[in-house]
Every structure is written in structure tokens, then in C-alpha cells.
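*Asks:* In my numbering, the protein residues as written are 6 to 356.
For glycine and all other residues, C-beta sits at the position ideal for the given N, C-alpha and C.
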Amino acid sequence: MHTLMVTGGAGFIGSNFVRYILHKYPNYKVVVYDKLTYAGNLDNLKDVAEDFADRYTFVHGDICDAKKVEETIRAHKVNVVLNFAAETHVDRSLFEPGSFIQTDVFGTYVLLEAVRKLGLERMVQVSTDEVYGSIEAGSSKETDPLHPSSPYSASKAGGDLMCLAYHTTWKVPVLITRGSNTFGPYQYPEKIIPLFITNALDNLPLPLYGDGLNVRDWLYVIDHCEAIDLVLHRGQPGEIYNIGAGNELTNLELTRRILRLLNKPESLIHFVEDRPGHDRRYSLDCTKIRALGWQPRHEFDSALEKTVQWYMENEWWWRKLKSGEYLEYYKKQYGERLRDTFARSTGFRAG
Ligand code: NAD
Ligand code: TYD
């Protein structure tokens, strides 16, 4: 029997991973350890709590709290840690970098220390392609130097380096995955795909940064989960694995495809002032994880269609998120950029 502690398991990718693992491995137990920040949401695990009551436990805790982390590991006889917990939104990292450094760097150190002290079997650090920085041509390899551009990606890079240091110094059995931009059900509606789907459903403007020609490589969340599963079971400690599906698209093309699926007009697109330090393109060389036996199983357009469908059918999940703290954030983020269009839009008014 394996007991996995999934930190950040109440977030987007973490909750999808927990559901996937409990379905796939009938003899595994999962302890979700999550601080429940604005991005953590027990609604993401509602079905899991019902379907797997005997093998799933939720612990409300901060990964920066060493005492609670260790207590949880001991109490539940955890033997593997998967760290999904992070502050994850680039735009928020421009407003408040401190919480990113705290969770993404210090929190990762706390987990590594617990894994080392308590002699756990494995830790998987879930990281991102953003640590390589923008790449104009070609694709980033695991051995490439890191050039993070935002406080988010710099803090993720800090966490990665700490993992490698713990492996080199103490042989802590930690593995790193670097996934590309991920999409699917339960993604908080501040990230481009769920934001644009839910705004378009309400005929609200879709704020496209700069010229809309920045490129991201889109990965369906279940493909991402399968890759992490493979790294957990077959990867080599101390190694890094890129995970990308090769679906490179400009933000403009992505937006057009979302609008087409919803049968909404392109006049909803509003070009707004660019994000400072906005990386132009991410692209991953995934030779290594493919050699390990992974390939994406979801074709991009059908996965996008499935995702759009999910948001259409699950208003109960997202509508309540787009209120309260979210509206404050939305105004701060888009108020100036969308000043002209706010007057015409129904839900949001400039400050
Ligand atoms: P998310 O923002 O949806 O969820 C983050 C979760 O971490 C939330 O449940 C939150 O409550 C929790 N959390 C935050 N701070 C915490 C703390 N101090 N202690 C305990 N829990 C805390 O994030 P996501 O999109 O699911 O991303 C998960 C991981 O995958 C992150 O590490 C991110 O860097 C990485 N990643 C994300 C993407 C993407 O496109 N979303 C792509 C590649 C890698
Ligand atoms: P995002 O979902 O924030 O992910 P990341 O910045 O981590 O890649 O953004 C994806 C791309 O979409 C990125 O190039 C920024 C762009 N974007 C917009 O044009 N408008 C928006 O409102 C948002 C949230 C993102």
C-alpha cells in the first residue's frame, strides 16, 4: 500500500491528479494537504470525497509549516510526497511576489527537509516550463540554463534548484517535472482558457495582452497527470522531465478557437496593454519523457471542446468563484486596461 501526500491537491492540476490516481490504483491512499488559498477549493474534490471516502483524507495546512507537515506525514504513514502546492498566477506575482517566494521556494524547502528527515521513498516536485524563460526558436531541454522572467517563474526555479541541491547533497530521492501550460476542468477562472470561456459565456470582453501573438504549448490536464504518474513510478531520482504535448498556439488563435466553439463573435476580443516582462514563447523538448514511455493521448481541439463543454455544464463550480475577492483582483488587473469597455460590459465596472 502506498500513501501519497499530495500538497496543493485542492487546486487545478492537483485535484485532477488525485481523482486520476485513486481511480487507477485501488490500493493507494491519498492525503491532500492544502492551505486553501483563493485557488484551493474543496469543490474540486467533492466527488473524490464521496467516491473514495475510505482512501482519501483532507488536511488543511500550509507547506511552510514544518511541524504540521511532519505530523501529517507521521500520522498517515505517508511514503511519497507530490508537491503541487504553489502560488501559480504570473499576473498576481507582479502584485505580490512575497507570497510566491514564501510558498514556492521556502515551502519546497520545508517539504524536502521533511522527506530527508523522515526518510520517505520519493518526492515529485511539479514545476513548469516557465523556468526556462522565453525561447524564440527551438525547444528547451532539461539541461538548458534557467532564465525565469517573472517572480512566479523565478520562485519556481528557486524551488527546483533546492530540490537538485537536496538530491546532490543528501541523495534525497526527488524528481522534477516541468509541464507546459495546462488546461481542463477545475482550472481557476483567472487563467486564460477558463477566463475567456466564462467571460464569453457572459458576453464580457476577452482581454488579450499585447499583440496576442505570444505562443504557449497547451497540455490537457489528464495527459499532464499521466506523465507525473509515470515519473513517480519510473523516473530516476535527481532527474528533470519536461512535459509538453507540442500544441503550440498563439493566444489569438487560441481565443478564436474558444469563440468558435461557443459560437460567439470575435468582437468580444479586446487587445489590452501587455503584461510587463511577458514571455514571447515557451517550447519544450520532450524526448526524455517520451523515451520513458509517455505520449499525450488527447488531441488538442477535442480536449478544448471537452473543456468548453465542462464549463458550460458546471456553472455551479465557477460562477461563485467569479465574485468577492475575484472581482477585486479582476478590477485591479483589468480595470485600467479595459477602462473603455467596462462601461459597455455588464458584470464589471472600472474602479
Ligand atoms: P492552482 O493555483 O490551481 O493550485 C495551487 C494549490 O496550492 C491550491 O489548492 C492552493 O490552495 C495550494 N497552496 C498554495 N499555497 C499553499 C501553501 N503554502 N501550502 C499548501 N497549499 C498551498 O495551481 P495549478 O495550476 O494546479 O498548478 C499546480 C502546480 O503545477 C504548481 O506547482 C504549478 O507551478 C505547476 N504547473 C502549473 C501549470 C498550469 O498551466 N496550471 C503548468 C505547469 C506547471
Ligand atoms: P496564463 O493563463 O496566465 O498562463 P502563463 O502566463 O502562466 O503562461 O496566460 C497564458 C497566456 O495568455 C500568456 O501569454 C498571457 C496571456 N493572457 C492574456 O492575453 N490575457 C489574459 O487575460 C490572461 C490571463 C492571459
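#1: For L289, report the span of its alpha helix (DSSP H) as first-last.
#2: Can you find a heavy atom of the ligand TYD that lies under 8 Å from the Cβ of K196?
#3: Evaluate A5 with the Cβ neighbour count: other Cβ atoms within 10 Å of its Cβ, from every protein chain shown; 16 or more gives buried, anything less gives exposed.
#4: Is it buried or exposed for W372, if we count other Cβ within 10 angstroms and need 16 for buried?
#5: Where does G352 sit, in a helix, a strand or coil, going by DSSP?
#6: Roughly how many angstroms lie between the CA atoms of D67 and P270, to the nearest whole one?
#7: Is any heavy atom of the ligand TYD found at a distance shorter than 8 Å from the C-beta of R280?
#8: Return the chain-ordered list of same chain residues with a C-beta closer than 6 Å to the C-beta of L237, the five sequence neighbours on each side being excluded.
#9: I want to check one thing, is the minimum distance from the CB of C230 to the heavy atoms of the ligand NAD below 8 Å?
#10: Of all the options N49, P31 and K337, which has the alpha carbon lying nearest to the alpha carbon of H7?
#11: To which residues of the same chain is P102 closer than 6 Å at the C-beta, ignoring the five residues directly before and after it?
#12: To which residues does DSSP link L9 through a beta bridge?
#13: Do you know offhand how far K51's Cα is from L267's?
#14: Whose CA, out of R295, N319, R286 and L332, lies closest to the CA of I140?
#15: How many Å lie between G14 and T93 at the Cα?
*Replies:* In short, the structure shows the following:
#1: L289 -> no alpha helix (DSSP H), and no H or E assigned at all.
#2: yes
#3: Residue 5 is absent from the structure shown; the chain starts at 6 and stops at 356.
#4: In the structure as shown, the chain starts at 6 and stops at 356, and residue 372 therefore has no counterpart that could be examined.
#5: Caution applies to G352, whose pLDDT of 46 falls short of 50 and renders its modelled position unreliable; the model cannot decide the point.
#6: 43 Å
#7: yes
#8: V129
#9: no
#10: P31
#11: P156
#12: V35 and V85
#13: 27 Å
#14: R286
#15: 13 Å
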